[in-house]
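Quick notes on the structure that follows.
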Amino acid sequence: MGPDYLRPDPPGGDRIVAVPGPEAMSVQGGSQRFDGSADVPARWWNEFGSRELDAQVDAALTRSPTLASAEAALRRSQDALRAGYGVFFPQIGASVGLARETAVQEPAGRLQAVGPYNLATAGVTVSYVPDVFGFSRRSVEALQALSEQQRDGVLAAYLSLTANVVNAAVARAGYRAQRDALDDIVRMQAEQIGVAQVQFEAGTAAYTALVALKSQRAANEAGIAALEQRIDQSEHLLALLGGKAPDDAKSSPIRLEELQLPRELPDTVPAALARHRPDILAAQAGLHAASAQIGIATADLFPTLTLGGSAGASQSSIARLLDSGISVWSMQAQLAGTVFAGLSKWNTRRAAIDAYQQSLADYRQTVLAGLAQVADAMTALGHDARALRAQTEAVLAAEEGLRLTRAAYEAGTAGYLDLLSANAQYQQARLAYAGAVAQRLQDTVALYAALGGGWWNRAPSS
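For the sequence shown, the numbering used here begins at 386 and goes up steadily by one.
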């Protein structure tokens with residue numbers, strides 16, 4: 386009884402979003418391009434070319450309590466499914482009993498006690514509930530759907546864990562690069578302050594210039610403290626993801642320049658995304674379970690047929706049960722159902738239908754959210770390339786300005802304070818460039834995660 390589950394049609398269309406072309410993704414020393422024939426590698430983090438990063442991901446996959454919890458939940462759902470299959474088989478019971486008792490008889494109109502005596506009994510009972518209206522089949526179907534949902538939960542935990550480890554490692558590398566640039570800026574500003582102090586005392590510079598330099602240095606020192614905090618937080622996050630206490634985390638920091646930028650990026654279609662994203666698959670399994678609940682509620686409207694029988698024997702002792710004794714047996718069939726319960730079962734079925742409609746809407750929303758996340762990551766990479774081109778030009782210009790100022794200083798046409806100022810501008814450009822590089826790497830991680838993480842390409846043993 387009830388509807389047979391039909392998988393929702395996958396989203397249509399031959400693209401999720403118009404991806405940036407190769408020209409828009411081209412940056413000196415780090416170009417990317419989208420390829421419709423490319424797929425997400427099973428170990429997509431290998432594309433960043435860092436052995437230390439690979440080791441951190443592998444350690445997290447081995448030690449993560451979150452992943453272990455998801456796998457235990459999957460095993461529990463699988464065991465519940467195996468237990469559910471028992472409804473298709475007869476239930477057989479056996480019993481052996483020994484009693485010492487007395488009985489009262491009335492021979493010839495006169496009560497008379499008989500006994501005491503021993504009474505040993507042995508018997509077997511068999512009962513079977515034919516699945517006439519599909520209640521059992523739909524119940525097992527619901528358990529199977531829930532087991533599939535737990536499997537998708539493991540995939541989601543795997544994807545989230547790997548993406549968070551890579552993202553945290555990239556963020557830590559970016560913060561360290563920015564911190565190093567700010568350290569250089571503060572050192573330059575300390576020298577500038579020294580020169581400005583001498584000039585002020587000599588009466589050749591205004592005190593406001595000295596105050597402005599001190600204010601800038603203080604602001605940059607505060608920026609260093611903020612970056613140090615972010616570095617610590619990213620290290621603590623990596624420890625948490627790796628199943629370790631913060632004090633036990635001994636992973637080596639990865640330098641930003643050690644990370645390679647993946648060049649070939651997948652450009653998937655909406656239908657493929659619906660088959661690969663764990664959250665979409667979990668929503669689909671939940672929809673299947675809701676459909677099965679309609680069948681369960683529908684079958685519950687009808688009576689239940691139960692077939693059964695029993696056979697046994699009685700003797701004066703357990704040792705003589707195998708001898709010929711008094712045999713008893715019975716067979717029965719029962720058809721039972723609810724005649725009236727205030728329409729509770731009918732309304733339960735209506736509630737199951739409403740729950741299915743809710744699950745269907747949730748599924749559609751999950752698909753749309755997944756498409757939006759992929760679109761965000763794809764377009765972000767185009768914007769990242771544009772920003773990185775601008776930051777590269779800024780670094781080159783600041784570097785050239787520093788070179789010219791150094792030459793002028795050596796020629797005696799520029800002061801030492803001018804040289805320090807040009808160097809500070811160069812370090813500021815480095816600071817912004819490091820942030821742009823880290824952002825591009827993180828958006829690449831976001832794309833791999835939004836596409837599903839490549840779990841379908843894993844070897845069976847991995």
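All C-beta atoms, glycine included, are put in the ideal place defined by N, C-alpha and C.
- Secondary structure note for Y513: its beta strand (DSSP E) is the uninterrupted segment Q497 to Y513.
- Annotation for S699: the continuous beta strand (DSSP E) segment containing it runs T689 to Q700.
- Taken in chain order, the whole beta strand (DSSP E) runs of length 3 or more contained in the segment 411-460 are 418-420.
- By the Cβ neighbour-count rule, V596 is exposed, with fewer than 16 other Cβ atoms within 10 Å of its own.
- Here G837 carries a coil assignment [DSSP, helix/strand/coil].
- Closest by C-alpha distance to L504, out of Q758, F433, R705 and V539, is R705.
- For L641, no alpha helix (DSSP H) run applies, since DSSP gives it neither H nor E.
- In this structure, the beta-carbon distance from G415 to R825 falls below 9 Å.
- No beta strand (DSSP E) of 3 residues or more sits fully in the segment 757-821.
- Distance from the CA of P501 to the CA of Q717, rounded to the nearest whole angstrom, comes to 33 Å.
- Within the segment 583-649, complete alpha helix (DSSP H) segments of at least 4 residues are found at 592-626, given in chain order.
- Taken through DSSP and simplified to helix, strand or coil, V489 comes out as strand.
- Under the three-state reduction of DSSP, G482 is assigned to strand.
- DSSP links I477 through a beta bridge to V511.
- Contact between the segment 540-554 and the segment 834-844 is present: three or more C-beta pairs spanning the two stretches fall below 8 Å.
- In terms of Cβ geometry, S411 and Q645 do not form a close pair [threshold 9 Å].
- Following the DSSP letters along the chain, one finds L658 in no beta strand (DSSP E) but inside the alpha helix (DSSP H) bounded by residues P655 to H661.
- Judged by DSSP secondary structure, M716 falls within the beta strand (DSSP E) whose first and last residues are I711 to A721.
- Taking C-beta atoms under 8 Å as the contact rule, A445 and G627 qualify, at a distance of about 5 Å.
- Cβ-Cβ separation between T506 and G693: approximately 18 Å, too far for a contact (criterion under 8 Å).
- Distance between T589 and D769, taken at the CA atoms: about 45 Å.
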